[in-house]
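Peer 1: Here it is, the structure, as structure tokens.
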Amino acid sequence: LSFLDGAGKAPRKFHGICAGVDGRIYCAPHCSPSVLVIDPETARVDCMLGVEPGGYQYAGLVAAADGRLYCAPCCASSALVIDTLVDGQLRKLTGFVRDLSSASRPAP
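Structure, rendered in structure tokens:
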């Protein structure tokens, strides 16, 4: 068992972890203004800045077939996209809200 320093001491910083196609591991910012990036090959921990400050921003992330990681918004107004193919570039994914429940779908 070993530990990697560099994540900080504040509580509830990250929520969710996922590997990118670049081999690094990414942690979704929950109460942190940055994405935590872990490089298992070098045992280095870095923070990727660019997330708007605030509490409970994102909760969880998933790797998609396009090589990007998508962070689910918790209290944020948009999804966060991490492009692991372009050196971890961050961007927000915004759009309109639509009801996807079965009640809103047309009958077959």
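Numbers 937 to 1044, taken from the numbering used here, label the letters of the sequence shown in order.
Note that beta-carbon positions come from the ideal geometry of N, C-alpha and C, so glycine has one too.
Keep in mind the model is a prediction, meaning the values are calculated, not measured.
For G996 versus T1020, is the C-beta spacing smaller than 8 Å?
Peer 2: no
Peer 1: Alpha carbon to alpha carbon, how far is V998 from F1032? Give it in angstroms, no decimals.
Peer 2: Because F1032 sits at a pLDDT of 47, beneath the cut-off of 50, its placement in the model cannot be relied upon, and the following sentence gives the value as read from the coordinates. Cα to Cα, F1032 sits roughly 21 Å from V998.
Peer 1: For T978, which residues in the same chain have their Cβ closer than 6 Å to its Cβ, ignoring the five residues on either side in sequence?
Peer 2: none
Peer 1: Could you tell me the boundaries of the beta strand (DSSP E) in which H966 lies?
Peer 2: No beta strand (DSSP E) holds H966; DSSP gives it neither H nor E.
Peer 1: Straight-line CA distance for K945 to C963?
Peer 2: Rounded to whole angstroms, K945 to C963 spans 15 Å at the Cα level.
Peer 1: So, with DSSP's three-state summary, where would you put L940?
Peer 2: coil
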